[in-house]
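Structure first, then comments.
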Amino acid sequence: MSKFTKYFLMESSDVIPYVMEKLSMFEDAQRLQCKEIGDGNLNYVFRVWDEEKGTSVIVKQAGDTARISDEFKLSTNRIRIESDVLQLEGKLVPRLVPDVYLYDDVMNCCVMEDLSDHTILRTALMNHQIFPKLADDLTTFMANTLLLTSDVVMNHKEKKELVKNYINPELCEITEDLVYSEPFTDHNKRNELFPLNEGWIREHIYSDDELRMEVAKLKFAFMTNAQALLHGDLHTGSVFVRKDSTKIIDPEFAFYGPMGYDIGNVVANLIFAWANADATIGSGVEKDTYMNWLECTITDIIDLFSVKFLEAWNVHVTDSMAKEEGFDRWYLQSVLEDTAAVTGLELIRRIVGLAKVKDITSIVDEEARARAERICLQAAKLFILQASTHKTGNDFLQTLKTQALSFSTK
Ligand code: SR1
Ligand code: MG
């Protein structure tokens, strides 16, 4: 009798019999090893491998609370969403996502390709590694997954079926709270302020009524603008890299929302890598080379996305009114405006709110960390308050660099 006919949270020792029962790729359980390798906020991730044969898989299991805190009660449906989205993305952008081998709706598991020969992008960036194809791959991923799932391209009834299929209330609620509400709310028990910036955040984030008003508008746009199927959590911890390969993982926050949410997350997390490099590498050629590459990558994310989006639009547009002369550029402009605003939101929430990023928290020197945070926070306010002025990669970069410059002369 199988022990996997009723859901329970697995230990490493359960996972070997699990893969032997569910997959045909492993021959001998005696040769298998298993380790829990998850370091995300929500799930349990096991690597199973046969050293002799060189075969391996990843088993990802969803629990009914978040790993980071029992406060978050979460439907295990998120692993169904992740499995479905990975398979859909595999068709839209082959080679940029891991292969899915199995989705199990009893054990709430997704079994997928092992990417252990890749590194998590956030870690690689903190080690100052360069990936020449990164901007190209990320923009191919975003231009295709976003445009091809939108009403511009899809049959509108089929698109609405996808909207239904990817209703993701609990994970959206996490984003609505952690990104769009709590970081702008004083006395929020989940916010954690770095002491050297506490006063500044109270005065310039919590007490800025103009900023809070803009964020309120953005929050309701996030909840109501079912524009495209988003990845929903496209930070540098959701990307695996090798010199010659990029793989986007973890689309469990996927749902139909505004395209700029994904692009803004990418830009903000590259800015965190920039702030980390700025704070931790001593002056010299190494720093200049690395920061220059990061700056080109940030610029390219916007500019390559724009080019690829318009090219794909020409090829794939089906809606008769969307073919109206100039509508493509108007549409792109509104996506870039959302992108700028979300860049600001992600920068603020990762510094003020519960879910921090290592790029910032690992900066040991307190003055350097305070400066890194302040550059990001000041730039973030401009990304939100002056979103419509951000039309090119250079506009995004100049907002960051102007703040870095102004802060260092204060
Ligand atoms: C409770 S989950 C906290 C954060 O981790 C995920 O990766 C998302 O970014 C979420 O906001
Ligand atoms: Mg994740």
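What the sequence shown shows, in UniProt numbering, is residues 1 to 410, in sequence order.
Using N, Cα and C, we set each Cβ at its ideal position, and we do this for glycine too.
Bear in mind the structure is a predicted one, so any value in this text is a computation, not a measurement.
>> Closer than 6 Å between the C-beta and any heavy atom of the ligand MG: which residues qualify, listed along the chain?
In response: Gly40, Asp233, Ser238 and Asp250
> How about Val57 and Leu23: do their beta carbons lie closer than 8 Å?
Replying inline: yes
> Do Ile360 and Ile351 come within 8 Å of each other at the CB atom, strictly closer than that value?
Replying inline: yes
> By how many angstroms is the C-alpha of Glu158 removed from the C-alpha of Thr318?
Replying inline: 13 Å
> Roughly how many whole angstroms lie between the Cα atoms of Lys308 and Phe8?
Replying inline: 44 Å
> Any idea what DSSP makes of Lys410, helix, strand or coil?
Replying inline: Per-residue confidence for Lys410 stands at a pLDDT of 44, beneath the threshold of 50, marking its modelled position as unreliable; the derived number appears in the next sentence. Three-state DSSP puts Lys410 in coil, outside helix and strand.
> Which runs of the alpha helix (DSSP H), 4 residues or longer, sit entirely within the region 335-392?
Replying inline: 358-361 and 366-385
>> Quick check on the DSSP output: the alpha helix (DSSP H) that includes Met142 runs from which residue to which?
In response: Leu134 to Leu147
>> Does the structure place the region 239-246 close enough to the region 120-137 that three or more beta carbon pairs sit under 8 Å?
In response: yes
> Can you list the alpha helix (DSSP H) stretches of 4 or more residues lying completely in the region 5-50, in chain order?
Replying inline: 12-22
>> On the CB-based measure, 16 or more other CB atoms within 10 Å of its CB, does Gly393 come out buried or exposed?
In response: buried
> How do the region 225-241 and the region 183-198 stand: do at least 3 beta-carbon pairs fall below 8 Å, yes or no?
Replying inline: no
>> What would DSSP say about Asp262, mapped onto helix, strand or coil?
In response: helix
> beta strand (DSSP E) containing Gly54: first to last residue?
Replying inline: Segment: none, Gly54 is in no beta strand (DSSP E) and carries neither H nor E.
> In chain order, what residues of the same chain lie with their CB nearer than 8 Å to the CB of Lys391, ignoring the 5 residues before and after it?
Replying inline: Gln333 and Leu336
> Can you tell me whether DSSP reads Ser75 as helix, strand or coil?
Replying inline: coil
> What separation, rounded to the nearest whole angstrom, lies between the Cα atoms of Thr402 and Glu82?
Replying inline: 39 Å
>> Three or more C-beta pairs under 8 Å: does that hold for the region 280-289 against the region 252-263?
In response: no
> From Asn155 to Phe184, what does the alpha carbon distance come to, in whole angstroms?
Replying inline: 39 Å
> Roughly how many angstroms lie between the CA atoms of Ser12 and Glu36, to the nearest whole one?
Replying inline: 6 Å
> Closer than 7 Å: is that where the CB of Thr175 sits relative to any heavy atom of the ligand SR1?
Replying inline: yes
>> When you compare the CB positions of Gly353 and Glu182, do they come within less than 8 Å of one another, or not?
In response: yes
>> So the candidates are Ile301, Pro251, Gly54 and Ile271; which of them puts its Cα closest to the Cα of Ala373?
In response: Per the sequence shown, residue 373 should be read as Glu rather than Ala. The candidate whose alpha carbon is nearest that of Glu373 is Ile271.
>> According to DSSP, is Phe255 part of a helix, a strand, or is it coil?
In response: strand
> Around the C-beta of Glu51, are 16 or more other C-beta atoms found within 10 angstroms, so that it is buried, or is it exposed?
Replying inline: exposed
>> Considering only heavy atoms of the ligand SR1, does any lie closer than 7 Å to the CB of Phe72?
In response: yes
> Mind checking Ser150: buried by the 16 CB within 10 Å criterion, or exposed?
Replying inline: buried
> Is Ile68 near the ligand SR1, with its Cβ less than 7 Å from a heavy atom?
Replying inline: yes
> Ordered along the chain, which non-local residues of its own chain (more than five positions away) have a Cβ less than 7 Å from that of Asp117?
Replying inline: Arg242
>> Do Val97 and Phe46 count as a contact pair if the criterion is CB distance below 8 Å?
In response: no
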